[in-house]
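Below: the structure, in structure tokens.
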Amino acid sequence: MHVPVLFDEVIQALQPRKGGRYLDCTLGGGGHTQGILDASAPDGRVLAMDADAEAIARARERLSSAYADRLMLRQAWLDAAPSLARALGFAPLDGVLVDLGLSSDQLDAAERGFSFMRDGPLDMRFDRTQGEPAWALIEHMDVHSLTEMLREYGEVRNARRVAEAIWQARPVVTTGQLRDIVAGVARTRSSRIHPATQVFQALRIAVNDELRRLKEALPELIALLRPGGRIAVITFHSLEDRIVKEVFRREWRSQVAQPGFGGGEDRPARIRPVNKEPIRPSEAELSRNPRARSAKLRVAERVADDRAE
Numbered sequence: 002m003h004v005p006v007l008f009d010e011v012i013q014a015l016q017p018r019k020g021g022r023y024l025d026c027t028l029g030g031g032g033h034t035q036g037i038l039d040a041s042a043p044d045g046r047v048l049a050m051d052a053d054a055e056a057i058a059r060a061r062e063r064l065s066s067a068y069a070d071r072l073m074l075r076q077a078w079l080d081a082a083p084s085l086a087r088a089l090g091f092a093p094l095d096g097v098l099v100d101l102g103l104s105s106d107q108l109d110a111a112e113r114g115f116s117f118m119r120d121g122p123l124d125m126r127f128d129r130t131q132g133e134p135a136w137a138l139i140e141h142m143d144v145h146s147l148t149e150m151l152r153e154y155g156e157v158r159n160a161r162r163v164a165e166a167i168w169q170a171r172p173v174v175t176t177g178q179l180r181d182i183v184a185g186v187a188r189t190r191s192s193r194i195h196p197a198t199q200v201f202q203a204l205r206i207a208v209n210d211e212l213r214r215l216k217e218a219l220p221e222l223i224a225l226l227r228p229g230g231r232i233a234v235i236t237f238h239s240l241e242d243r244i245v246k247e248v249f250r251r252e253w254r255s256q257v258a259q260p261g262f263g264g265g266e267d268r269p270a271r272i273r274p275v276n277k278e279p280i281r282p283s284e285a286e287l288s289r290n291p292r293a294r295s296a297k298l299r300v301a302e303r304v305a306d307d308r309a310e
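Residues in the sequence shown are numbered consecutively from 2, following my numbering.
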């Protein structure tokens with residue numbers, strides 16, 4: 002069963018209210034969506050999206066009957082969420098949630114290929130109806146491209162050595178095969194982290210184009226918020242967190258052009274940070290759900306004018 006990460010902290014951050022309108026861009030197991038629906042009862046509404054059709058189907062089966070007139074479910078990638086919300090007339094918004102973690106349903110399903118703990122086909126696609134699975138991506142890459150992918154998206158040590166081992170072993174078609182190849186050549190900074198962790202992360206990001214989608218979606222999602230509305234983003238590794246931190250900083254301090262953040266024009270700030278430092282899981286949550294250990298929650302609030310405090 003999926004356990005939503007930072008559940009209480011997300012509800013506290015978004016402050017769902019009666020009659021509010023909320024967008025969950027990454028439905029996953031549906032726990033956060035259900036929490037928002039309950040907290041915004043009796044007439045708050047949620048538009049929940051996910052690129053994974055199986056997540057949508059599970060949520061429809063579990064939630065639709067209880068929240069039929071208050072919940073809309075749509076299959077969509079993160080970067081498509083803003084335009085779809087507008088097309089459905091579901092804006093402006095009182096709150097937006099982006100949870101960038103994998104659901105337990107995805108991790109525990111060997112056939113999805115997300116986890117090296119379960120042997121299965123090396124797929125990793127959120128939407129299995131489109132794009133190349135991970136095994137095909139590896140098959141079509143040369144050593145240089147594979148090295149750059151591991152270095153950029155996984156921050157893999159000895160990326161060249163790992164890439165050469167993977168390339169020479171092709172075809173690499175199962176998670177167990179990739180895990181064993183990496184274990185034979187890779188090293189990590191921490192003995193607690195399996196050497197395949199960062200390699201699997203890099204492949205998943207590449208297969209699903211995750212970082213580009215996140216960069217493009219965040220400013221558009223902020224634009225959908227009404228004044229006082231909040232956006233909450235849960236990240237699970239430094240690459241994601243860096244993007245969220247930089248976008249929030251740019252949107253907060255944009256009343257004066259900031260060097261290094263693109264563009265030279267002054268423009269009004271659109272948000273203010275709610276938490277200066279990311280919120281981390283409590284020890285109690287980590288004891289219940291060790292998968293939450295890397296989670297960080299950043300929250301920002303839409304401002305009504307060009308002044309951000």
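Beta carbons are placed, not taken as given, at the ideal position from N, Cα and C, and that holds for glycine.
The C-alpha of Val275 is placed about 11 Å away from the C-alpha of Gln13. Along the stretch 237 to 304, the alpha helix (DSSP H) occurs as fully enclosed runs of 4 or more residues at 239 to 253 and 284 to 289, listed in sequence order. At the C-beta level, Gly31 and Ala52 stay beyond 9 Å of one another.
The straight-line gap separating the alpha-carbon atoms of Thr34 and Tyr23 is approximately 9 Å. Relative to the Cα of Leu28, the nearest Cα in the group Leu72, Ala42, Arg18 and Pro17 belongs to Leu72. Rounded to the nearest whole angstrom, the CA to CA distance from Val234 to Leu298 is 6 Å. Within the same chain, Cβ atoms closer than 8 Å to the Cβ of Arg227 are found at Pro93, Leu94, Asp95 and Arg303, the five residues on either side in sequence being excluded. In this structure, Ala49 lies near Arg75, with their beta-carbon atoms less than 9 Å apart.
Remark: C-beta atoms of Ala296 and Gly102 approach each other more closely than 9 Å. In terms of Cα proximity to Arg250, the closest of Ala77, Ile223 and His238 is Ile223.
Within the same chain, Ala293 and Arg294 come within 8 Å of Leu287 by CB-CB distance, once the 5 residues on both sides are set aside.
In the same chain as Ser116, and ignoring 5 residues on each side of it, the C-beta atoms closer than 8 Å to its own belong to Leu108, Asp109, Thr176 and Phe201, in chain order. For Met150, the uninterrupted alpha helix (DSSP H) segment begins and ends at Val144 to Gly155. When DSSP reads this structure, Arg231 sits in a beta bridge with Gly96 and Glu302. Arg63: member of the alpha helix (DSSP H) spanning Ala54 to Leu64, first to last residue. DSSP places Asp128 outside both helix and strand once states are collapsed to three, so it counts as coil.
Judged by DSSP secondary structure, Ala82 falls within the alpha helix (DSSP H) whose first and last residues are Ala82 to Ala88.
For Pro83, same chain residues with a beta-carbon under 8 Å away, outside a window of 5 residues either side, are Ala218, Glu221, Leu222, Ala224 and Leu225 in chain order.
For the pair Leu38 and Gly45, the Cα-to-Cα distance works out to about 6 Å. Apart from the 5 residues on each side of it in sequence, Lys216 sits with its Cβ closer than 8 Å to the Cβ of Ile244 and Val248 in its chain, given in chain order. The C-beta of Thr236 has 16 or more other C-beta atoms within 10 Å across all chains shown, which makes the residue buried. Each residue's CA atom was taken as its position, placing Leu89 and Gly230 some 19 Å apart. Between Asp124 and Ala135, the beta carbon gap of about 6 Å places them in contact (Cβ cut-off 8 Å).
By the 16-neighbour rule on beta-carbons within 10 angstroms, Ile194 is exposed. When Arg271, Ser239 and Ala270 are compared, the shortest CA-CA separation from Pro279 is found for Ser239.
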